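Residue numbers (the working numbering): 12 to 455.
Backbone N, C-alpha and C fix where the C-beta goes; we use that ideal spot for every residue, glycine too.
In this text, all values refer to a predicted model and were calculated from it rather than measured experimentally.
Working notes, structure below.
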Amino acid sequence: MMDLDISRRSAKRVLKLSGLEPLVVTPESNFINVGERTNVAGSKRFLRFIKNGDFESALSIAREQVEGGAQILDVNMDDGLIDGKEAMVRFLNLIMAEPDIAKIPIMIDSSKWEIIEAGLQVVQGKCVVNSISLKDGEDTFIKQAKLIKRYGAAVIIMAFDEIGQADNYERRIEIAKRSYDILVDTVGFPAEDIIFDLNIFPVATGMEEHRDNAVHFIEATRWVRENLPYCNVSGGVSNVSFSFRGNNAIREAMHSVFLYHAIKAGMNLGIVNPVMLEVYDDIPKNLLEHVEDVMLNRRADATERLLDLSTTIKQTSKGKVVDNEWRKGPLQDRITRALVKGVDEFILEDIEEARKSVDRPIEVIETFLMIGMNRVGDLFGSGKMFLPQVVKSARVMKKAVAYLLPFIEEEKDENSSSAGKILLATVKGDVHDIGKNIVGVVLA
């Protein structure tokens, strides 16, 4: 007879979320990117649409986040001039009717419990609640945790208690341990559905007490992942660079450096704007040294040195100054850079030059493009590049292959032969769909 005692089975204890599609966060998973632009506190454009009742335009921002590689969608309606509860319910209901958006899990983000509960009542799939804490005491914390468990959601726990926010290493791990014990032992909350936000605070503020903000977060993350079984760690990444508002070149480098070290310590989710990320290996050496000095508090004058350097980094109103010096490099380097950076401005002329340099057009894919994509894979695998950047790389690859396809088909017609049929399939529109199509071209 079949053993129906599922408590005895050794199923993996990992965070499992879902929209229309599942998202399983395993120890082998790369960093999970949470889209931050559907947040009235983080996007003036989104706030304007919600205030004006233009929910269709607000949905377009959600769609942009998904297309840009967001794996979870953070939705926040906390603004004094809108009815947050009504706006949350209406927006979530609209999302649920859009399969291309609803395919990823939702993070219901609010500091007001009534908005969170209203969202839980309409959202589909398994979502994340962002957030609850011990700020109002254990009784409120337990009551809210029990309701979240009843709704079947995962939860973000802020490092915040009756005394206030945790602002050093010791307070972070103290609150995390206390929260974990209450959730697991008193509430019976699944440990794998617990996500700690250990408070990412700005560095380089000029204040002595802020110099270890990043270090304390990173070390607290390491302690939590090693001592509180099965739980996860997240945070709002852009907070760390708040001191350099207006200087996107510095902020992008700071975000990438912070993530590189935090992910190695065990941070596996984060709210981040993918536009504000630089590929770790592409950060200029001098800037990388200065940013790491600040982030890891390696020297007393780190803030002053980074401030001095920031004044020498020229920018346009939208970020870094355009520098096309790389266009003078070898063809392979130019194609690899286009793929790594996700820049398609020159890719067609470079692919045409590559096509003229080989005997058969398929060789452009097998050599020039695959060398570039291998580089993307290496960076992604080592945590120096993130999914939104890989999505941009895949789009450049798709454009290059589309340009080559007529030449490949023309050659195939001249030398037509078949060695059989292979069926390839994946989710339409997914990032893997691009790879599947490229494999199909090569095999054909």
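Selected residue, minimal CA-CA separation from residue i, among the options
i: glycine 246; options: Ile274, Asn258 and Arg222; result: Ile274
i: aspartate 196; options: Leu239, Ala260 and Gly80; result: Leu239
i: phenylalanine 212; options: Val305, Tyr241, Val139 and Val133; result: Val305
i: valine 214; options: Thr322, Asn179 and Glu185; result: Asn179
i: alanine 413; options: Asn44, Asp223 and Ile449; result: Ile449
i: tyrosine 291; options: Arg386, Glu377, Ser254 and Phe357; result: Arg386
i: lysine 423; options: Thr323, Arg183, Ile373 and Tyr271; result: Ile373
i: valine 86; options: Lys296, Gly80 and Ile72; result: Ile72
i: aspartate 293; options: Ala349, Gly451 and Thr437; result: Ala349
i: glycine 64; options: Ile93, Met384 and Glu315; result: Ile93
i: methionine 408; options: Met381, Met396, Ile205 and Pro417; result: Met381
i: glutamate 78; options: Phe60, Pro110, Pro38 and Lys62; result: Pro110
i: proline 201; options: Arg222, Ala156 and Gly217; result: Ala156
i: valine 226; options: Ser393, Leu307, Trp124 and Glu185; result: Leu307
i: asparagine 335; options: Ile324, Phe357 and Thr323; result: Phe357
Sequence-distant residues of the same chain with beta carbon closer than 6 Å to residue i, five excluded per side
i: arginine 345; result: Asp361
i: glycine 330; result: Only weak support is given to the placement of glycine 330: the predicted model assigns it a pLDDT of 47, under 50, and the question is left unresolved by the model.
i: isoleucine 159; result: Val140 and Val166
i: alanine 313; result: Asp304 and Val305
i: serine 54; result: Arg48
i: asparagine 224; result: Phe212 and Val214
i: leucine 359; result: Tyr414
Beta-carbon separation (whole angstroms), residue i vs residue j, contact threshold 8 Å
i: valine 283; j: serine 249; result: 7 Å
i: valine 351; j: serine 267; result: Wrong, their Cβ atoms sit about 13 Å apart, outside the cutoff.
i: valine 51; j: phenylalanine 57; result: 6 Å
i: glycine 99; j: isoleucine 126; result: Sequence check: residue 99 is methionine here, not glycine. Correct: roughly 5 Å between the Cβ atoms.
i: alanine 177; j: alanine 170; result: 4 Å
i: leucine 435; j: lysine 447; result: 5 Å
i: valine 25; j: glutamate 237; result: So it is not a contact: roughly 17 Å between Cβ atoms.
i: serine 321; j: phenylalanine 255; result: 7 Å
i: phenylalanine 269; j: valine 251; result: 5 Å
i: leucine 131; j: isoleucine 119; result: 7 Å
i: glutamate 289; j: alanine 264; result: 5 Å
i: isoleucine 168; j: serine 190; result: 5 Å
i: phenylalanine 379; j: glutamine 343; result: 6 Å
i: glycine 451; j: arginine 406; result: Actually they do not touch by this definition, with Cβ atoms about 17 Å apart.
i: lysine 395; j: tyrosine 241; result: Going by Cβ atoms, the distance from lysine 395 to tyrosine 241 rounds to 27 Å, so no, they are not a contact pair.
i: glutamate 173; j: leucine 145; result: 6 Å
i: valine 302; j: leucine 317; result: 7 Å
7 Å CB neighbourhood of residue i in its chain, flanking five on each side removed
i: glutamine 76; result: Gly46, Arg48, Thr49 and Leu84
i: lysine 114; result: Gly30, Leu31 and Glu32
i: serine 122; result: Asp89
i: leucine 105; result: Phe66 and Leu70
i: isoleucine 193; result: Glu149, Phe152 and Ile153
i: proline 116; result: Leu28, Ser29, Gly30, Leu34, Ile83, Gly136, Lys137, Cys138 and Val139
i: serine 328; result: Summary for serine 328: the model assigns pLDDT 37, below 50, so the residue's position carries little reliability, and this model does not support an answer.
Coil, strand or helix - residue i by DSSP
i: alanine 413; result: helix
i: methionine 118; result: strand
i: glycine 247; result: strand
i: serine 267; result: helix
i: methionine 459; result: The first residue shown for the chain is 12 and the last is 455, placing residue 459 beyond what the model contains.
i: leucine 434; result: coil
i: valine 25; result: coil
i: serine 393; result: coil
i: glutamine 155; result: helix
i: isoleucine 358; result: helix
i: alanine 170; result: coil
i: aspartate 444; result: helix
i: proline 33; result: strand
i: serine 142; result: strand
i: leucine 239; result: coil
i: alanine 215; result: coil
i: alanine 165; result: strand
i: glycine 281; result: strand
i: phenylalanine 200; result: coil
i: lysine 137; result: strand
i: leucine 454; result: helix
i: glutamine 400; result: helix
i: arginine 222; result: coil
i: isoleucine 449; result: helix
i: glutamine 343; result: helix
i: aspartate 178; result: coil
Own chain residues within Cβ distance below 8 Å of residue i, not counting five before or after
i: alanine 129; result: Lys96, Met99 and Val100
i: leucine 209; result: Ala170, Ala177, Arg183, Ala187, Phe228, Ala231, Thr232, Val235, Val244 and Gly246
i: alanine 81; result: Asn44, Val45, Gly46, Ile115, Pro285 and Pro399
i: glycine 277; result: Thr232, Arg233, Val235, Arg236, Glu237 and Val244
i: tryptophan 337; result: Asp344, Arg345 and Arg348
i: serine 368; result: Leu342
i: glutamate 364; result: Leu342
Contact test: residue i Cβ vs the ligand HEM heavy atom, cutoff 7 Å
i: phenylalanine 200; result: Questions concerning the ligand HEM fall outside what the structure shown contains, since it holds no ligand whatsoever.
Checklist entry - Which ranges would you report for the alpha helix (DSSP H) in the stretch 43–100 if only whole runs of at least 4 residues count? => result 55–62 and 66–78
Checklist entry - At which residue ranges does the stretch 289–340 contain complete beta strand (DSSP E) runs of 3 or more residues, listed in the order of the chain? => result Entirely contained in the stretch 289–340, not one beta strand (DSSP E) run reaches 3 residues.
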